[in-house]
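There are 4 protein chains.
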Amino acid sequence: MNSFGNIFRISIFGESHGECVGITIDGCPAGLSLSAEDLLPDLERRKGGIQKGTTPRKEDDYPIFKSGIFNGKTTGFPITILFENNNTRSEDYQKQRDIPRPGHADWVAHQKFGGNEDYRGGGHFSARLTTGLVAAGVIAKKLMPQINITATIIEVGGEPDIEKGLQKAIDAKDSVGGIIECTVTGVPAGIGEPYFNSLESALAHIMFSIPAVKGIEFGAGFKAAKMFGSEHNDAIENMQGQTKTNYAGGIVGGISNGNNLVFRIAVKPTSSTPKEQTSLNWNTEQMEKFSVKGRHDLCVALRAPVIVEAATALVLVDMMLIEQKIKRVIEI
Amino acid sequence: MNSFGNIFRISIFGESHGECVGITIDGCPAGLSLSAEDLLPDLERRKGGIQKGTTPRKEDDYPIFKSGIFNGKTTGFPITILFENNNTRSEDYQKQRDIPRPGHADWVAHQKFGGNEDYRGGGHFSARLTTGLVAAGVIAKKLMPQINITATIIEVGGEPDIEKGLQKAIDAKDSVGGIIECTVTGVPAGIGEPYFNSLESALAHIMFSIPAVKGIEFGAGFKAAKMFGSEHNDAIENMQGQTKTNYAGGIVGGISNGNNLVFRIAVKPTSSTPKEQTSLNWNTEQMEKFSVKGRHDLCVALRAPVIVEAATALVLVDMMLIEQKIKRVIEI
Amino acid sequence: MNSFGNIFRISIFGESHGECVGITIDGCPAGLSLSAEDLLPDLERRKGGIQKGTTPRKEDDYPIFKSGIFNGKTTGFPITILFENNNTRSEDYQKQRDIPRPGHADWVAHQKFGGNEDYRGGGHFSARLTTGLVAAGVIAKKLMPQINITATIIEVGGEPDIEKGLQKAIDAKDSVGGIIECTVTGVPAGIGEPYFNSLESALAHIMFSIPAVKGIEFGAGFKAAKMFGSEHNDAIENMQGQTKTNYAGGIVGGISNGNNLVFRIAVKPTSSTPKEQTSLNWNTEQMEKFSVKGRHDLCVALRAPVIVEAATALVLVDMMLIEQKIKRVIEI
Amino acid sequence: MNSFGNIFRISIFGESHGECVGITIDGCPAGLSLSAEDLLPDLERRKGGIQKGTTPRKEDDYPIFKSGIFNGKTTGFPITILFENNNTRSEDYQKQRDIPRPGHADWVAHQKFGGNEDYRGGGHFSARLTTGLVAAGVIAKKLMPQINITATIIEVGGEPDIEKGLQKAIDAKDSVGGIIECTVTGVPAGIGEPYFNSLESALAHIMFSIPAVKGIEFGAGFKAAKMFGSEHNDAIENMQGQTKTNYAGGIVGGISNGNNLVFRIAVKPTSSTPKEQTSLNWNTEQMEKFSVKGRHDLCVALRAPVIVEAATALVLVDMMLIEQKIKRVIEI
């Protein structure tokens, strides 16, 4: 079940320390100009490494198109994009094989897949799989030039001052979480449905597919639970459906109402922390102290905004196609 | 797109003031004993009316099985259940047709469906559609006797003292929101997958299909964003995968880890409030003052726990079938 | 898995001798005028009874709309239609319970569903379930006024002279099969895709969902296997893509080419025959002679053309919506 | 829509003269031993070249695993397999760009994709895409060791004597079609469902996804239409459900009955024939004589049996997983 979407449908594959990670995008309209260069800026944002608190894996992350592009344009057939894994040092992981890392999926993966899982660097669980998401997100964004999606980190380690939050992590030599806010302008009214295909359902679905996300709220979100109805209700002000306030985050009855989409997601601190931790050695059946070796971000939330934007674009492009607001053959 | 699930697949239909609301459940294993009586307790909980702040619609909510049951057992074929609508007074709605109610889907529905929508009592948007969800939830729960799902309201109008929160609403003659917490025991390790079929993705997907839900968080949720990794990581203590703490809410890497599932959802205040409000009259194109007539709950969150439980059960039963932890023909 | 279609998605339910049979149609565009009267002519054709060789069950087959219609038009939400079962005499079936009828699904259903299946009158296997298909087919046809679908019976019991074929069955007091040909005009070029969403794949898929269908061929079909390429290839004659011959049956590379769709299906003789037969009594484990009691058509193929038309329409309407050749809100 | 299957789900990508063709297999159980060598025999059969009438493209067709295999076993995550395209000479195709080849998808592809399609060697329409199907088929077969699938060509150019049929084609310097029969032993009773998930529906669906297939029939198939019911009905002879005859081809009510599955498919003659043909030049809008250059099989049906087997295996493995007759973690 590594696919998402109805018409514009993505499928991810690959492992952190295998040959590559990649994505196939099925259902992309024909005629979209597309080159590797289009993808590089967002891929670079995902890679991180400029800000404090991120120590990027040394990878080119250069997208290799294997299908679906001809003469610089999409053909309407599946687009497969690979990203080679070069910077893989798996020995570190081998050593700690018997101690499931707290907060990681090591133990459950072992249970579920009967010991057949590729445990190196998190295998298929690795956030490296989001490389494909970001690539697909760029394509989705290009199909909706009128829509603008911006995700920014608004809190790190509990501090709205990002620098301060990062310093806290550096000082503590520990990983920290963060909160990301995403705002989308230009979404026409009428995208989404009540119930199972609500815009919130689809957005939440894909957001919780991003590793480390543990919460999402739309508009006033959890604060809405503390409000009176007369406060929370957004009054419509004009025939375009513009509302005075936007406590609903641009979605009523599961459907976009033409105002800005606004939602926030909570990113937990990376499980991988330089701190010494205690866990069960499943071989000796004893608790052991150990620390996770290797390269690690202190704050993965810093690299998440571009993934959140991509995921948002993937939901919107699929619904826009269903609503026939994007053509099957385009000229962009 | 009024369906949810892969193997155990539900489809809802109906309108608030049409003939009926209903649900079809496809993929239910054969051999499950099932009668209308099994469904009544949870249907009664959904109806509410005992607690302050709920004024139930006067309906029997008696489930009428139309297919899929033979000799008191499920046959393995689609189970269709109808709930007749008797208490429908649509005249009230007709009068206010030209003023889209703030916070409701009136305006977007009109845009999206070109004026063909059944606007009476919210039509297909109505929370009355959750009757079917609750019925399906009972069936799902019966298929998983070892799993216990309990949702409770933990905050109303910002007050953890529920009575106090309700009184606040009654005093203010205004609707209020609330927060619901759901705890699930007995879920085996290994349910869910990383990425698009993560347990969090599936649960969030269906929770945002419940009207008025605007936020969800798993385990520590938004608080996780303020924690250090060494704090948040749940250390595994024994060979059953039990963890000392449960900040992850029982899910790591998208997969259940055998500990309790814990999540909370934010329910906004009902848009329908007795308070006078202002909105645009789309006929006169002028702002108008008006108030919503008719029966309304002051706090819909009070009736939501049983819906949250049902929705949780629907996600779990589907994943349990995929993981072959429930047989296709059973003897219960 | 009782659903079919991607955007225009149908779900069937019900049993031959249960309360009703029915269908839910999800994804139908809003704004289509629709009444029970629209459905009656095709429902009447399905019921049969005028031609020799059909002895219709005495049912009104009057469609009861339970949802999705408001003010005589589709709302864009699920349309549920019920057909009550009145003419049910189940005692006959009870008697023969221990002898699985040759050619029927009695034995496999018993194996698969562990004895929980509703065996009365074929239960969910009954061709009575096609009532819903025919109803949905009318809706699909109304959405595509430019397309004309005509299925006719071209052979009965091996005789192209239908009357002669039927007389053969009557004389032999035995059931007979038949061949149905379906021709569709007005399908635009470009419907379908190569591989898994080929127009042939989708049409064949639904045709084999009709009880008693055992073969399908497109255009020249099995005869194509005996032809040379230079004979079989249809030469394009003008800029509209019209071809001189139509050996391809209007489909190349899985996609409609703008010429008429032409396909034929083989319908086997009904398993229920008045003739005495031999089968195993699974109680006594002995072979026994017996004959099937009750009302039976001698040639079910006679009633199949309207079902074939409906099934064709269901495939086309779904693909036309995907290709954006039908709007989401219409004025018909 | 380049995917097929519910649990065991395949997605194909690539073009005849692009970088590669490939497939991703999602939902494969963990623990299956798998190496490139396992795939080679069937890939070799697909390539052909030994028998008269096939002139294989000079490709290694060596499967390159990009994901989903670890320590020689499947991990339970997506398996992506690539086949590089080396033997691509696209100049030939460029020259004939303006003349849509009769019987090919050239004209409809141009219409549907607005001229963006990769027309070189048939692009995504090419039968080269079946390389991935064959690879996936081997994996499916390995998961069902108790099932034996054998497809053989039983007629070429109308001749049951295959050599004679091929000689006919060679003598005529023209392509010919053929008929393939597939027999499957070891399928347990209970696979499939009535209606949309019938075994016939699923098999027919995927068979018509194989290029050049224009007909399919199960058991007696089209001959069944000429039979009496008392002749066609297969009498059950023992408690294992074995039948005396097998006119149903092992499927009743859409469900396998434990007897051999038997079906035949009609393969049309390849559109590409050395013969001179006439078609419209869409540039000059004039009819023109031309002949298709390059390497072509005279009888593609010769290479189809292994594809038919693979497609059969893909249907069965998916249904066997749904019916829980294959475990999610295995030891093979």
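Sequences listed follow chains A, B, C and D, in order.
If you count the first sequence from 1, position 224 lands on 575 in our numbering, and the numbers rise without skipping.
If you count the second sequence from 1, position 228 lands on 579 in our numbering, and the numbers rise without skipping.
If you count the third sequence from 1, position 276 lands on 627 in our numbering, and the numbers rise without skipping.
If you count the fourth sequence from 1, position 60 lands on 411 in our numbering, and the numbers rise without skipping.
Idealized CB from N, CA, C, for every residue including glycine.
Since this is a predicted model, take the numbers as computed values, not measurements.
Q. What distance in whole Å lies between the Cβ atoms of D:Pro539 and D:Gly609, which are believed to be in contact at a cut-off of 8 Å?
A. By one-based count along the fourth sequence, residue 609 of chain D stands at place 258. By one-based count along the fourth sequence, residue 539 of chain D stands at place 188. Yes, they are in contact, since the Cβ atoms of D:Gly609 and D:Pro539 sit about 6 Å apart, within 8 Å.
**Q.** Pick from C:Gly378, C:Ile500, C:Thr629 that is closest to C:Phe614, judged by C-alpha positions
**A.** Position 263 of the third sequence holds residue 614 of chain C. The residue with the shortest Cα to Cα distance from C:Phe614 is C:Ile500.
Q.
Output needed for C:Gly570: all residues of its chain with C-beta closer than 8 Å, excluding positions within five of it in sequence on either side, in chain order.
A. Within the third sequence, residue 570 of chain C is the residue found at index 219, counting from 1. Taken in chain order, the residues that qualify are Asn597, Tyr598, Ala599, Gly600, Gly601, Ile602, Val613, Phe614.
Q: Taking the CB atoms as reference points, tell me whether C:Gly620 and D:Gly580 lie closer together than 7 Å.
A: Looking up residue 620 of chain C in the third sequence gives position 269. Looking up residue 580 of chain D in the fourth sequence gives position 229. Correcting the residue identity first, residue 620 of chain C is Pro in this sequence and not Gly. Taking the C-beta atoms as reference points, D:Gly580 is found nearer than 7 Å to C:Pro620.
(Q) I'd like the list of long-range same chain contacts for D:Arg448, defined as Cβ closer than 7 Å, with 5 residues on each side in sequence excluded. (A) The sequence position of residue 448 of chain D within the fourth sequence is 97, counting from 1. Excluding sequence neighbours, D:Arg448 sits near Tyr470.
Q) When the cut-off is 7 Å and only beta carbons count, does C:Ala520 lie next to chain B? A) Residue mapping note: residue 520 of chain C aligns to position 169 of the third sequence, counting from 1. False, the Cβ-Cβ gap to chain B never drops below 7 Å.
(Q) Residues of the region 618–651 of chain C in Cβ contact with chain D at a cutoff of 8 Å, in chain order, please. (A) Val618, Lys619, Pro620, Thr621, Ser622, Ser623, Thr624, Lys626, Gln628, Thr629, Ser630, Leu631, Trp633, Glu636, Met638
(Q) Please classify B:Asn353 as buried or exposed, where buried requires at least 16 other C-beta atoms within 10 Å of its C-beta. (A) As a first step, residue 353 of chain B is located in the second sequence; it is residue number 2 there, counting from the start. Label assigned to B:Asn353: buried.
Q. Among residues of its own chain, excluding the 5 on either side of A:Ala575, which ones have a beta-carbon nearer than 7 Å to its beta-carbon?
A. Here residue 575 of chain A corresponds to residue number 224 of the first sequence, with the count starting at 1. Only His583, Tyr598 meet the Cβ criterion.
Q) Taking a cut of 9 Å between CB atoms, which residues from the region 655–676 of chain C lie near chain A? A) Those would be Leu672, Ile673, Glu674, Gln675, in chain order.
Q: Following the continuous beta strand (DSSP E) through C:Arg484, name the residue where it begins and the one where it ends.
A: To locate residue 484 of chain C, count along the third sequence from 1; it is residue 133. The displayed chain sequence assigns Leu, not Arg, to residue 484 of chain C. Segment 481–493 is the alpha helix (DSSP H) holding C:Leu484; no beta strand (DSSP E) there.
Q: Say whether chain E places a C-beta atom closer than 7 Å to the C-beta of C:Arg679.
A: No chain E appears in the structure shown, which is made up of the protein chains A, B, C and D.
Q: Just tell me which of D:His556, D:Cys379, D:Gly541, D:Glu627 has its CA closest to the CA of D:Ser526.
A: Counting from 1 along the fourth sequence, the entry for residue 526 of chain D is found at position 175. With distances taken between Cα atoms, D:Ser526 lies closest to D:Glu627.
Q.
Can you tell me where the beta strand (DSSP E) holding B:Lys565 begins and where it ends?
A. To locate residue 565 of chain B, count along the second sequence from 1; it is residue 214. Per DSSP, B:Lys565 belongs to the beta strand (DSSP E) from 564–569.
Q | Residue-chain proximity (C:Pro429, chain B), Cβ-Cβ < 7 Å | A | For this step, residue 429 of chain C is matched to residue 78 along the third sequence. It does: the Cβ of C:Pro429 has a partner Cβ on chain B nearer than 7 Å.
Q: Out of C:Asp412, C:Phe428, C:Glu568, C:Leu517, point me to the one whose CA is closest to C:Ile361's CA.
A: In the third sequence, the residue the question calls residue 361 of chain C occupies position 10. Closest by alpha carbon: C:Phe428.
(Q) Tell me which residues share the same chain as D:Asn438 and place their Cβ nearer than 6 Å to its Cβ, disregarding the 5 neighbours each side in the sequence. (A) Residue 438 of chain D sits at position 87 when you count from the first residue of the fourth sequence. Excluding sequence neighbours, D:Asn438 sits near Arg408, Lys409, Glu410.
Q: Just the chain B side, please: which residues come within less than 7 Å of A:Asn353 by C-beta, in chain order?
A: Here residue 353 of chain A is taken as the residue at index 2 of the first sequence, counted from 1. Listed along chain B are Tyr546, Phe547, each with a C-beta nearer than 7 Å to that of A:Asn353.
Q.
Does chain C have any CB closer than 7 Å to the CB of D:Gln462?
A. Position 111 of the fourth sequence holds residue 462 of chain D. So yes, D:Gln462 belongs to the interface.
Q) Just to confirm, are A:Ser367 and A:Gly473 a CB contact at a threshold of 7 Å? A) Residue 367 of chain A sits at position 16 when you count from the first residue of the first sequence. Residue 473 of chain A sits at position 122 when you count from the first residue of the first sequence. Yes, Cβ-Cβ distance for A:Ser367 and A:Gly473 is below 7 Å.
Q. Going by C-alpha distance, which of C:Gly382, C:Ile504, C:Ile374 is nearest C:Lys678?
A. Numbered from its first residue, the third sequence carries residue 678 of chain C at position 327. Ranking the options by Cα distance to C:Lys678, first place goes to C:Gly382.
Q: Taking C-beta pairs closer than 9 Å, name the residues in chain D that B:Gln358 reaches, listed in chain order.
A: Residue numbering aside, residue 358 of chain B sits at position 7 when the second sequence is read from its first letter. Position check: residue 358 of chain B holds Ile in this sequence, whereas Gln was assumed. Here the neighbours are Asn357, Ile358, Ile673.
Q) Along chain A, which residues have their Cβ under 9 Å away from the Cβ of B:Asn608? A) In the second sequence, counting from the first residue as 1, residue 608 of chain B sits at position 257. Chain A residues near B:Asn608: Ala456, Trp458, Val459, Gln462.
Q) Which residue from A:Phe434, A:Gly465, A:Asn357, A:Gly488 puts its Cα closest to that of A:Val657? A) Locating residue 657 of chain A in the first sequence gives position 306, counting from the first residue. With distances taken between Cα atoms, A:Val657 lies closest to A:Gly488.
Q: Note down, in chain order, every chain B residue with its Cβ under 9 Å from the Cβ of C:Gly465.
A: Counting from 1 along the third sequence, the entry for residue 465 of chain C is found at position 114. The contacting residues are Ala381, Gly382, Gly427, Arg679, Val680, Ile681, Glu682.
Q. Listing by chain order, which chain D residues have their CB less than 8 Å from the CB of C:Asn687?
A. One cannot answer for residue 687 of chain C here, as it falls past the ends of chain C, which runs 352 to 683.
**Q.** Coil, strand or helix - A:Val527 by DSSP
**A.** Taking the first residue of the first sequence as 1, we reach residue 527 of chain A at position 176. If DSSP states are grouped into helix, strand and coil, A:Val527 belongs with the strands.
Q) Can you tell which of C:Ile490, C:Pro496, C:Phe641 has the C-alpha that lies nearest to the C-alpha of C:Asp389? A) One-based indexing of the third sequence puts residue 389 of chain C at position 38. Taking only the C-alpha atoms, the option nearest C:Asp389 is C:Ile490.
Q) Are any of the Cβ atoms in chain A nearer than 7 Å to that of D:Ser477? A) Position 126 of the fourth sequence, counted from the first residue, corresponds to residue 477 of chain D. Not closer than 7 Å to any Cβ of chain A, the Cβ of D:Ser477 fails to qualify, so no.
Q | Cβ separation of A:Gly508 and B:Lys577, assumed to be a contact under 8 Å, to the nearest whole Å | A | Looking up residue 508 of chain A in the first sequence gives position 157. Looking up residue 577 of chain B in the second sequence gives position 226. So it is a contact: roughly 7 Å between Cβ atoms.
Q: List in chain order: all unbroken alpha helix (DSSP H) runs of 4+ residues lying wholly within the region 573–615 of chain A.
A: 580–583
Q: Counting only runs of 3+ residues fully inside the region 614–661 of chain C, write out the beta strand (DSSP E) ranges in chain order.
A: 628–632, 637–641
(Q) I'd like to know if D:Glu410 contacts chain A, where contact means its C-beta is closer than 7 Å to some C-beta of that chain. (A) Numbered from its first residue, the fourth sequence carries residue 410 of chain D at position 59. It does not; no Cβ of chain A falls within 7 Å.
Q: Select from D:Lys493, D:Phe434, D:Lys417, D:Ile432 the residue whose C-alpha is nearest the C-alpha of A:Phe434.
A: As a working note, residue 434 of chain A is residue 83 in the first sequence. Out of D:Lys493, D:Phe434, D:Lys417, D:Ile432, D:Lys417 has the C-alpha closest to the C-alpha of A:Phe434.
Q | Between the CA atoms of C:Leu480 and C:Ser386 - distance to the nearest angstrom | A | Residue 386 of chain C sits at position 35 when you count from the first residue of the third sequence. Residue 480 of chain C sits at position 129 when you count from the first residue of the third sequence. Cα-Cα distance, rounded: 20 Å.
Q: Would you please verify whether the beta carbon of B:Thr481 is less than 7 Å from any beta carbon of chain C?
A: One-based indexing of the second sequence puts residue 481 of chain B at position 130. No, because no Cβ of chain C sits closer than 7 Å to the Cβ of B:Thr481.
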